[in-house]
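The sequence shown maps to residues 1 to 106 in this note's numbering. Backbone N, C-alpha and C fix where the C-beta goes; we use that ideal spot for every residue, glycine too. Just below is one structure, and these are the notes that go with it.
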Amino acid sequence: MQKYRVETIYENNMKDFVLLCNVLLHGQTIHGLGPEDIVQRVMLQAWEKKEKLKYHENLIGWFVVACSKECKALYRRAYTEHRNVGHAVELNENIVATPVQDSLLR
C-alpha cells in the first residue's frame, strides 16, 4: 500500500502541530475542541486534498498555516456566539403575561 506524503508528514510532526495549536489556543478547549482535535481536523482536510498536496513544495508549512487558520476560526466563532447571545438570563416564575400576550400565545 502506498503511503502518501501527507500521512508521513502528519505522523512525523503531529506532536509539533499539537504543541502549536496548544500555544495558539492558550491551553484552552473551545466548544469542546482541544489542540488534538484541531490537528485531526486539519489532517482530514489534508487527506481530502492528498492528490493536490502530493507535489506541494512546503507541506509542513501548509499544515502550520492550516492549524493556525483553524484555531483562529474557532476563536472567532466562540467570540461571535458569545457577543451575539450574551449571558443566559434566569427565568423567573413570577413573570405574568398580559391578557393580550396570553391570547396570542394560545
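When rounded, the separation of the alpha-carbon atoms in Val18 and Glu11 is 12 Å.
In its chain, beyond the 5 residues on either side, Cys21, Leu24, Leu25 and Ile38 have a beta carbon closer than 8 Å to the beta carbon of Cys71. With a cutoff of 7 Å on beta-carbon distance, Val42 and Ala66 are scored as near each other. Annotated as distal: Ile9 and Leu53, with beta-carbon spacing of 7 Å or more. Cβ atoms of Tyr4 and Lys49 stay farther apart than 8 Å, at about 11 Å. No residue range can be given for Gln28, since it is assigned to no alpha helix (DSSP H) and is classified by DSSP as neither H nor E. Annotation: Leu33 is outside any alpha helix (DSSP H) and is labelled neither H nor E by DSSP. The three-state reading of DSSP puts Glu48 in helix, counting H, G and I together.
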